[in-house]
Amino acid sequence: MTFYDIAQLKKYLAESGIALDFHEEAGSTNSIAKELIKDGFSEKTLVLAEMQTAGRGRKGRSFYSPSGTGIYMSVVLPPMNAEVVSLLTVLAAAAVERAIFAETGVHTGIKWVNDLYLNGKKICGILCESIIGKDGLLGSIVGIGINCATENFPEEIKNIAGSIGLSLSREKLIAAIIQNLQKFTKNPAEGMAIYREHCFMRGKKIRFLYDRKEFFGIVEDVDDKGGLVVSCEDGILRTLMSGEAEIIGKDYLK
Ligand code: BTN
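Residue 1 is where the sequence shown starts when you use the working numbering, and the numbers rise one by one after that.
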């Protein structure tokens, strides 16, 4: 177990013009980021924790965040145009995929919409949130959790969670993610292209809920808005903009 080299990290982050708010221990970095935005803080900031005691995932799930073996970060972003905000999860996934590849040479796969997989196991989850005030959008948060070297996962996730498992510099990986995120929020089409290339859902049979009904279908593509285009068994093409798609049958996770 190694701890963050904060001086080194600050040096890397200076290149991106982003401030660091580091915590040895946090409940949830997304919750801290939310408070910063509500308090009127508008600078680009990285909230980072060595460990989280209440890491949050989508759909009210928790995110296991032990000390020293993962990255638990939330990027505070000022108000941006609506198109970019709606694509933040997709752009963040592309940013993480490119950063992991650049730092380790490892190819991860993206499971729509917000998870990265390696060897059939989830190694990263993304939780984006936007804070709305009475006059509109106050800011957005890109929350990213990466299992770098975590080994002993709790019983309930031990079959689905995995780690990158290589020695890597967490400081460099974080800096690369931020740089990619800045690049892709300026040029969403570039991030979308990376997302499409690395999303391994195309051609897979899935089960999903749509208008609270269960559907089965084959994934055709991810559209420009980040929607999952599915050719359903009833012959209708449906586009999922949120929710979850479960890969079924003999199809496997990359
Ligand atoms: C998911 O798997 O559904 C998303 C997990 C997101 C976890 C990250 S860890 C840093 C940030 N703080 C949180 O509480 N959640 C995100």
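The beta-carbon is built from N, C-alpha and C at its ideal position, and this holds for glycine as well.
These numbers were taken from a predicted model, which means no experiment stands behind them.
Please determine whether the Cβ atom of residue 80 lies at a distance below 7 Å from any heavy atom of the ligand BTN.
Within the sequence shown, residue 80 is the residue found at index 80, counting from 1. Answer for residue 80: no, Cβ out of range of the ligand BTN.
For residue 227, which three-state DSSP category applies?
For the purposes of this step, residue 227 is taken as the residue at position 227 of the sequence shown. Secondary structure of residue 227 (DSSP, three-state): coil.
Sort 64, 79, 243 and 137 by Cα distance to residue 43 and report the nearest one.
In the sequence shown, counting from the first residue as 1, residue 43 sits at position 43. Looking from the CA of residue 43, the closest CA among 64, 79, 243 and 137 belongs to 79.
Curious, which full-length alpha helix (DSSP H) runs of at least 4 residues does the region 100-147 contain?
none
Are residue 76 and residue 41 close, meaning C-beta to C-beta below 8 Å?
By one-based count along the sequence shown, residue 76 stands at place 76. By one-based count along the sequence shown, residue 41 stands at place 41. A contact, by the Cβ cut-off of 8 Å.
When burial is assigned at 16 or more other CB atoms within 10 Å of the CB, is residue 236 buried or exposed?
Locating residue 236 in the sequence shown gives position 236, counting from the first residue. By the 10 Å Cβ count, residue 236 comes out exposed.
Shortest alpha-carbon distance to residue 31 belongs to which of 20, 17 and 55?
Locating residue 31 in the sequence shown gives position 31, where the first residue counts as 1. Considering only 20, 17 and 55, the residue with the shortest C-alpha distance to residue 31 is 55.
Can you tell me which of the three DSSP states residue 214 falls into?
Numbered from its first residue, the sequence shown carries residue 214 at position 214. Strand at residue 214.
Cβ of residue 96 within 8 Å of Cβ of residue 18?
Numbered from 1 along the sequence shown, position 96 holds the residue referred to as residue 96. Numbered from 1 along the sequence shown, position 18 holds the residue referred to as residue 18. No, these two residues do not count as a Cβ contact at 8 Å.
Could you round the C-beta distance between residue 124 and residue 116 to whole angstroms and report it? I think they count as a contact, below 8 Å.
Along the sequence shown, read from residue 1 onward, the residue named residue 124 stands at position 124. Along the sequence shown, read from residue 1 onward, the residue named residue 116 stands at position 116. Beta-carbon to beta-carbon, residue 124 and residue 116 are separated by about 4 Å, close enough to satisfy the 8 Å threshold.
Whose C-beta lies closer than 8 Å to the C-beta of residue 265 among residues of the same chain, with five residues either side of it excluded?
In this structure the chain extends from 1 to 254, so residue 265 is not present and cannot be described.
Short of 6 Å in beta carbon distance, which residues of its chain neighbour residue 191, apart from the five on each side in sequence? Order them along the chain.
Against the sequence shown, residue 191 aligns to sequence position 191. Around residue 191: 91, 94 and 184.
Taking just the CA atoms, how far does residue 134 sit from residue 122?
Mapped onto the sequence shown, residue 122 falls at position 122. Mapped onto the sequence shown, residue 134 falls at position 134. Between residue 122 and residue 134, the C-alpha separation is close to 37 Å.
Would you check if there are 3 or more beta carbon pairs closer than 8 Å linking the region 99-106 to the region 48-62?
no
Report the residue from 107, 112 and 128 whose alpha carbon sits nearest the alpha carbon of residue 118.
By one-based count along the sequence shown, residue 118 stands at place 118. It is 107 whose Cα lies nearest to the Cα of residue 118.
Checking 8 Å against the spacing of the C-beta atoms, do residue 175 and residue 69 come in under that value?
Counting from 1 along the sequence shown, the entry for residue 175 is found at position 175. Counting from 1 along the sequence shown, the entry for residue 69 is found at position 69. Not in contact: residue 175 and residue 69 (Cβ atoms no closer than 8 Å).
Using 8 Å as the threshold, is the C-beta distance between residue 209 and residue 228 below it?
The residue you call residue 209 lines up with position 209 of the sequence shown. The residue you call residue 228 lines up with position 228 of the sequence shown. Cβ distance not < 8 Å, so residue 209 and residue 228 don't count as in contact.
Where do the ends of the beta strand (DSSP E) carrying residue 22 lie?
Your numbering for residue 22 matches position 22 in the sequence shown. Unbroken beta strand (DSSP E) run through residue 22: 19-23.
The ligand BTN and residue 202: does any heavy atom of the ligand fall closer than 7 Å to the residue's C-beta?
Taking the first residue of the sequence shown as 1, we reach residue 202 at position 202. Checking the Cβ of residue 202 against the ligand BTN gives no.
Residues bridged to residue 221 (per DSSP):
Start at 1 with the first residue of the sequence shown, and residue 221 comes out as number 221. Residue 221 pairs with 229.
Just the Cα atoms here: how many angstroms apart are residue 245 and residue 112?
The residue given as residue 245 occupies position 245 in the sequence shown. The residue given as residue 112 occupies position 112 in the sequence shown. Cα to Cα, residue 245 sits roughly 7 Å from residue 112.
Following a CB-centred definition, is residue 29 positioned closer than 7 Å to any heavy atom of the ligand BTN?
Indexing the sequence shown from 1 puts residue 29 at position 29. Yes, Cβ of residue 29 sits closer than 7 Å to a heavy atom of the ligand BTN.
Sequence-distant residues of its chain with Cβ nearer than 8 Å to residue 169 (five each side left out):
Counting from 1 along the sequence shown, the entry for residue 169 is found at position 169. Contacts found: 103.
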